[in-house]
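Residue numbers (the working numbering): 390 to 796.
First up is the structure itself, then whatever we jot down about it.
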Amino acid sequence: MIDTILNTPVTVCGRNLPNRVVFQPMEGCDGTKDGGADELTRRRYLRFAKSGAGIIWFEATAVTPEGRANPRQLYINENTVDSFKSLVEDIKRTALSECGFEPLVIVQLTHSGRFSKPSGTPEPIVAYRNELWEKGKESQPYTVADDEYLSSISSSYAAAAKLAMDAGFDGIDVKCCHGYLFNELLSATEREGSYGGSFENRTKLFFECIDAVRNVVGDKLIVTTRLNACDCFPYPYGYGVDKDGNIDLSEAEKIIGILACKGVELINITLGNPYLIPHINRPCINSPEDGNVGMERIYNVTKALKDSFPDVKIISSGLTFPGENAAGYAEKLIAEGVCDFAGFGRMTFAYPQFFRDYLASGKLDKNKVCLKCSKCTELMRSGTVAGCPVRDSEVYMPYYKKFVLNK
Ligand SMILES: Cc1cc2nc3c(=O)[nH]c(=O)nc-3n(C[C@H](O)[C@H](O)[C@H](O)COP(=O)(O)O)c2cc1C
390 MIDTILNTPV TVCGRNLPNR VVFQPMEGCD GTKDGGADEL TRRRYLRFAK SGAGIIWFEA
450 TAVTPEGRAN PRQLYINENT VDSFKSLVED IKRTALSECG FEPLVIVQLT HSGRFSKPSG
510 TPEPIVAYRN ELWEKGKESQ PYTVADDEYL SSISSSYAAA AKLAMDAGFD GIDVKCCHGY
570 LFNELLSATE REGSYGGSFE NRTKLFFECI DAVRNVVGDK LIVTTRLNAC DCFPYPYGYG
630 VDKDGNIDLS EAEKIIGILA CKGVELINIT LGNPYLIPHI NRPCINSPED GNVGMERIYN
690 VTKALKDSFP DVKIISSGLT FPGENAAGYA EKLIAEGVCD FAGFGRMTFA YPQFFRDYLA
750 SGKLDKNKVC LKCSKCTELM RSGTVAGCPV RDSEVYMPYY KKFVLNK
């Protein structure tokens, strides 16, 4: 076994982990109609369980039916909690027998906001009307979430947190990234009422939900967030960008400072928006910018936040792009103090065993690594299940042929 910084132990929120590899949340859009884990969901996570990753960050899981991003998005509720429970048990059992330890399993709780599609067609619930998104789609039925609706959401988070605890998850991510409801509220500078305008108002719902979850789980579970450091949209359409279009991390720093005071010790940093500017959060081939430019942006943003908060454990995102060199690149980030954990997304779909291969031989198999071709996203956007049709072709190529190529 090679000696690698990725494989050095770390303690987070009082839990000892044998390594710094995180499997990032990756939606498979393959749940049951009522939001439980289905066959393909189980297959994905049981592959992940054999990976040796210290943290498995469970994908976006809705807390309300109207906030589901697709009809097969996972949704934790009284009817589905048992399917989560048996899956979490099986992940831990499998990991223990295959890798000798139980990973942390953190669930990402979400409200999809502008990207809600509970029945398969857009039913956006927006923080504010935004021409950046709505140009050419004016006929869609936009619902601007009123203050009364927003103030009810923390009770949905509390209920979901209770169920997540019953299901055996180790932690809860109050998702605040990629343009979904809480992230969109961060840029609601023109919104009137208690959830728009000032920084305090724009972050109010997010912190209400952090508090609601903490009240339910106490110290038994980790409370965390996947946070957009910046949206990378021109001002005033996104947060974290100044009037000249430069990245401005001052509000992200304020948010992390408040989270740290609330006892949040682990934060998963991401940026951009996967719908309009996907190359920002997942550098890829066939992109408007060279992927290395995207990698440098992620590096700089994550490092700046880690420098400001040395005591908060930071997870970096977007580490699949270096392909065969992804594990080596991740090591460099940890060694240079950019992050404490290395988070991998697309690589987990293509090559879930990559970390074990790296430990065994010091390299990744070039015939198995993710090709950054975005076919997994094409599957998701075409309304079917998401996976890697290239490297996991037996299962996902038939879907790709049917839903993408034959469309
Ligand atoms: C098919 C697909 C599904 C994703 N699902 C989620 C999700 O549920 N929650 C989330 O925060 N990010 C999600 N992401 C983003 C990834 O977690 C990750 O940030 C992104 O792919 C960049 O990392 P990578 O370069 O390692 O792939 C998804 C990305 C893809 C391609």
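Backbone N, C-alpha and C define an ideal beta-carbon position, used for all residues, glycine too.
Bridge pairing for A449: Q497 [DSSP].
The Cβ atoms of L594 and L570 lie closer than 9 Å to each other. DSSP places S705 in the strand class (E or B) of the three-state scheme.
Separation of I495 and F447 (C-alpha to C-alpha, rounded to the nearest whole angstrom) is 6 Å.
Taking C-beta atoms as the reference points, Y517 and E597 fail to come closer than 9 Å. The segment 638–652 makes contact with the segment 682–700; the number of CB pairs closer than 8 Å reaches 3 or more.
Fewer than three Cβ pairs drawn from the segment 540–549 and the segment 424–431 lie within less than 8 Å of each other, which leaves the two stretches out of contact.
A719 is bridged by DSSP to nothing; it lacks a bridge partner. At least one heavy atom of ligand 1 falls within 8 Å of the beta-carbon of S706. For the options R671, S763, L665 and K757, the alpha carbon positioned closest to that of K524 is the one of L665. Judged by the Cβ position, R671 qualifies as a neighbour of ligand 1 at the 8 Å threshold, a heavy atom of the ligand being closer than this. K702 and T737 have their C-alpha atoms some 22 Å from each other. Classified as buried, T691 has 16 or more neighbouring CB atoms from the shown chains inside 10 Å of its CB.
In the three-state scheme derived from DSSP, where H, G and I count as helix and E and B as strand, A550 is classed as helix.
Annotation for R735: M415, R671, T709, C759, K761, C765 and C777 place their beta carbon closer than 8 Å to its own, counting only its chain and skipping 5 residues before and after. Beta-bridge analysis with DSSP links N662 to I666.
Distances taken from the Cβ of M786 to the heavy atoms of ligand 1 include none shorter than 8 Å. The secondary-structure analysis by DSSP pairs Y464 across a beta bridge with A451. Secondary structure in the segment 395–454: the beta strand (DSSP E) runs of 3 residues or longer, each lying completely within the stretch, are 399–401, 404–406, 410–412 and 444–451 in chain order. From the listed residues H567, K796, L610 and Q497, the smallest Cα separation to C402 is found for L610. If only complete runs of 3 or more residues are kept, the segment 501–589 shows the beta strand (DSSP E) at 560–563, in order along the chain. The residue from A618, A548 and A577 with its alpha-carbon nearest to that of I561 is A548.
Take the alpha-carbon of N405 and the one of E678: they are about 39 Å apart. At a Cβ-Cβ threshold of 9 Å, Q529 and P511 count as neighbours.
Here I644 carries a helix assignment [DSSP, helix/strand/coil]. Residue G417 holds the alpha-carbon nearest to the alpha-carbon of R433 among G680, G417, T421 and V793.
The continuous stretches of beta strand (DSSP E) do not include L638, and DSSP gives it neither H nor E. Distances from the CB of H500 to the heavy atoms of ligand 1 are all 8 Å or more. Beta-bridge annotation (DSSP): V774 is not paired with any residue. With respect to E455, S505 sits close: the two C-beta atoms are nearer than 9 Å. In this structure, DSSP gives A731 an extended state, which the three-state scheme calls strand. Exclusion of the five residues before and after C566 leaves N572, R615, L616, N617 and T659 as the residues of its chain whose Cβ lies within less than 7 Å of its Cβ. I656 is not a Cβ neighbour of T592, given a cutoff of 9 Å.
Counted as a single uninterrupted DSSP element, the alpha helix (DSSP H) harbouring V682 occupies residues G680 to S697.
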